[in-house]
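**Student:** To start, I am sharing the structure in question, which I have written as structure tokens.
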Amino acid sequence: MKRETISAALGGLDDRFVSEAAVYAPGTMREGPERIVRMKKKRFLSIVLAAALILALGITAYAAWSIHTARQEEIKTDLKIEENNVSSYTEYPVPGTAGSAVSDVSEAEAAEPELVLLSAVNAGDLQRVYVNISPVSEKCIADYPGYPGTLNFSWSIDGTGIGGFASPRLPSGLTLHGQEAVRDAVLQYAYDRETQTLTLECIVEDMFLEKAAAALGTDSFPFLVHMSDKDMDMQTFGPVTFTPTDEQTRYFDFEHAVYTDAASGKSIEISGLELTPFGAVWKVRYEGAEAIHSPNGDPAEAEVWSMLEDKVCIESQLFFSDGSAFSTGGALSAPYTSGAVELHCEWGSAINIDGIQKIVLGDLVLWKNDP
2 MKRETISAAL GGLDDRFVSE AAVYAPGTMR EGPERIVRMK KKRFLSIVLA
52 AALILALGIT AYAAWSIHTA RQEEIKTDLK IEENNVSSYT EYPVPGTAGS
102 AVSDVSEAEA AEPELVLLSA VNAGDLQRVY VNISPVSEKC IADYPGYPGT
152 LNFSWSIDGT GIGGFASPRL PSGLTLHGQE AVRDAVLQYA YDRETQTLTL
202 ECIVEDMFLE KAAAALGTDS FPFLVHMSDK DMDMQTFGPV TFTPTDEQTR
252 YFDFEHAVYT DAASGKSIEI SGLELTPFGA VWKVRYEGAE AIHSPNGDPA
302 EAEVWSMLED KVCIESQLFF SDGSAFSTGG ALSAPYTSGA VELHCEWGSA
352 INIDGIQKIV LGDLVLWKND P
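Using the working numbering, read the sequence shown as starting at 2 and increasing by one per residue.
Here's what the structure looks like:
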């Protein structure tokens with residue numbers, strides 16, 4: 002059921018029920034402040050409207066609609082979208098379920114695979130796309146990610162050979178050890194038993210979107226999600242239309258800042274930092290960098306410079322206006338591009354890139370906000 006249908010159902014409610022919800026009973030509170038009275042009225046109204054939605058949609062449809070909106074709120078809160086002024090975030094309208102009581106469909110139709118696009122963030126050179134898929138049996142999740150019966154999740158763009166991996170969406174910063182802990186976390190944070198809904202995170206790199214745009218001639222893509230297991234055929238959910246989220250980037254120019262490592266005696270030029278709320282690209286230069294990062298580079302020499310590259314990423318501190326500090330963490334990749342080594346870092350929850358006041362590495366001040 003679409004959101005417009007929900008609105009229509011609410012519009013068809015008897016006004017008396019809404020009016021009754023807004024009536025305040027004086028006996029429920031003695032000489033309370035006017036603000037609390039309004040809050041009680043609002044809370045009571047919300048409860049009655051929720052009950053009205055259940056009556057209008059049916060319990061199954063309301064449960065499905067609720068899990069979609071609940072997951073959106075959980076993701077937005079976990080990613081710290083609002084508190085860090087993130088604009089590179091999109092939240093999509095969620096539909097109701099086709100299997101609601103008022104839609105009068107058969108059980109077979111209600112069990113059709115469903116893909117719901119929840120939200121997405123632009124993390125610099127990739128998009129994190131969050132979706133709900135259903136129905137997924139609890140037995141399938143209980144086997145994730147152990148053997149035998151390992152589940153695999155993936156995404157693809159319909160009509161192209163383009164695709165990548167997906168995984169159950171878990172809270173940022175969660176540390177897990179062992180297969181049983183992973184399964185328990187998936188059941189706790191990513192799975193809803195009542196609606197048999199699983200929440201996934203799809204990592205979609207920009208280079209794939211560029212190829213898809215060239216192949217399809219559009220920047221809105223038919224997005225599919227797949228679930229497969231060695232003991233069952235691949236199941237496909239979707240498609241839904243996905244439009245990538247706009248980028249939010251801040252660039253810091255360090256000019257020709259040079260850091261000398263006391264341990265190795267080597268010097269590295271740190272020329273700049275490209276920062277998004279969810280990732281960073283440090284740009285560094287040093288003698289012989291191109292040869293070291295080539296397929297035929299000297300492994301011993303590469304190890305020394307790799308440690309120094311990681312030191313730039315890990316030990317550099319970004320200081321915010323509230324006095325807190327942040328490290329971008331070690332580089333996940335380090336390609337040599339256009340005369341510089343680009344150190345790509347990522348993290349889970351957003352940072353406020355507009356609140357940065359100073360960037361330092363040891364005693365070297367790379368950048369400072371001068372009012």
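Positions of the beta carbon are idealized from the N, C-alpha and C atoms, including for glycine.
Give the DSSP bridge partners of M233, in chain order.
**Tutor:** Counting from one through the sequence shown, the residue named residue 233 turns up at place 232. BP columns for M233 point to D230.
**Student:** Considering V366, what are the terminal residues of the beta strand (DSSP E) in which it resides?
**Tutor:** The residue labelled residue 366 in the question sits at position 365 within the sequence shown. Here the beta strand (DSSP E) through V366 covers 365 to 369.
**Student:** Would V313 pass as a contact of W348 if the rule is Cβ separation under 8 Å?
**Tutor:** Within the sequence shown, residue 313 is the residue found at index 312, counting from 1. Within the sequence shown, residue 348 is the residue found at index 347, counting from 1. Contact: no.
**Student:** Can you give me the C-alpha to C-alpha distance between E316 and V259, rounded to a whole angstrom?
**Tutor:** Reading the sequence shown from its first residue, position 315 is the one you call residue 316. Reading the sequence shown from its first residue, position 258 is the one you call residue 259. Going from the Cα of E316 to the Cα of V259 covers about 15 Å.
**Student:** Where do the ends of the alpha helix (DSSP H) carrying I142 lie?
**Tutor:** One-based indexing of the sequence shown puts residue 142 at position 141. Taken as a continuous stretch (DSSP letters only), the alpha helix (DSSP H) holding I142 covers 139 to 143.
**Student:** May I ask you to report which of helix, strand or coil DSSP gives T250?
**Tutor:** Within the sequence shown, the letter at position 249 stands for residue 250. DSSP places T250 in coil when its eight states are reduced to three.
**Student:** Quick test of your reading: A281 and L274, contact by CB under 8 Å. State the CB separation rounded to the nearest angstrom.
**Tutor:** Working through the sequence shown from its first residue, we reach residue 281 at position 280. Working through the sequence shown from its first residue, we reach residue 274 at position 273. Between L274 and A281 the Cβ distance is about 6 Å, and since that is below 8 Å, they are a contact.
**Student:** Report the option in I76, T151, A124 whose CA atom is closest to the CA atom of T246.
**Tutor:** The residue given as residue 246 occupies position 245 in the sequence shown. Comparing alpha-carbon positions, the option among I76, T151, A124 lying closest to T246 turns out to be A124.
**Student:** What does the alpha-carbon distance come out to for the pair F320 and E115?
**Tutor:** In the sequence shown, residue 320 corresponds to position 319, counting from 1. In the sequence shown, residue 115 corresponds to position 114, counting from 1. Looking at the two C-alpha atoms, the distance is approximately 44 Å.
**Student:** Pull up the DSSP beta-bridge partners for W156, would you.
**Tutor:** In the sequence shown, residue 156 corresponds to position 155, counting from 1. BP columns for W156 point to G165, V226.
**Student:** Thinking C-alpha only, which one of S272, F238, E206 is nearest P223?
**Tutor:** For this step, residue 223 is matched to residue 222 along the sequence shown. Closest option to P223, judged by alpha-carbon separation, among S272, F238, E206: F238.
**Student:** How big is the Cα-Cα spacing for I158 and S268?
**Tutor:** The sequence position of residue 158 within the sequence shown is 157, counting from 1. The sequence position of residue 268 within the sequence shown is 267, counting from 1. If you draw a straight line from the Cα of I158 to the Cα of S268, it comes to about 45 Å.
**Student:** Give the DSSP-derived three-state secondary structure of K43 in the structure shown.
**Tutor:** The residue labelled residue 43 in the question sits at position 42 within the sequence shown. In this predicted model, K43 has a pLDDT of only 44, less than 50, meaning its place in the structure is not dependable; the value taken from the coordinates is given anyway. In this structure, K43 counts as helix in the three-state DSSP scheme.
**Student:** Expressed to the nearest angstrom, what Euclidean distance is found between the alpha-carbon atoms of V241 and Y93?
**Tutor:** Counted from its first residue, the sequence shown places residue 241 at position 240. Counted from its first residue, the sequence shown places residue 93 at position 92. The straight-line gap from Cα to Cα measures roughly 11 Å.
**Student:** Drop a sphere of 10 angstroms on the beta-carbon of R170, count the other beta-carbons inside from all chains shown, and report buried for 16 or more, exposed for fewer.
**Tutor:** As a working note, residue 170 is residue 169 in the sequence shown. Buried.
**Student:** Fully enclosed by the stretch 323 to 370, which alpha helix (DSSP H) runs are 4 residues long or longer?
**Tutor:** The qualifying runs do not exist here; there are none.
**Student:** Roughly how many angstroms lie between the CA atoms of A292 and P336, to the nearest whole one?
**Tutor:** One-based indexing of the sequence shown puts residue 292 at position 291. One-based indexing of the sequence shown puts residue 336 at position 335. Approximately 12 Å, taken between the alpha carbons.
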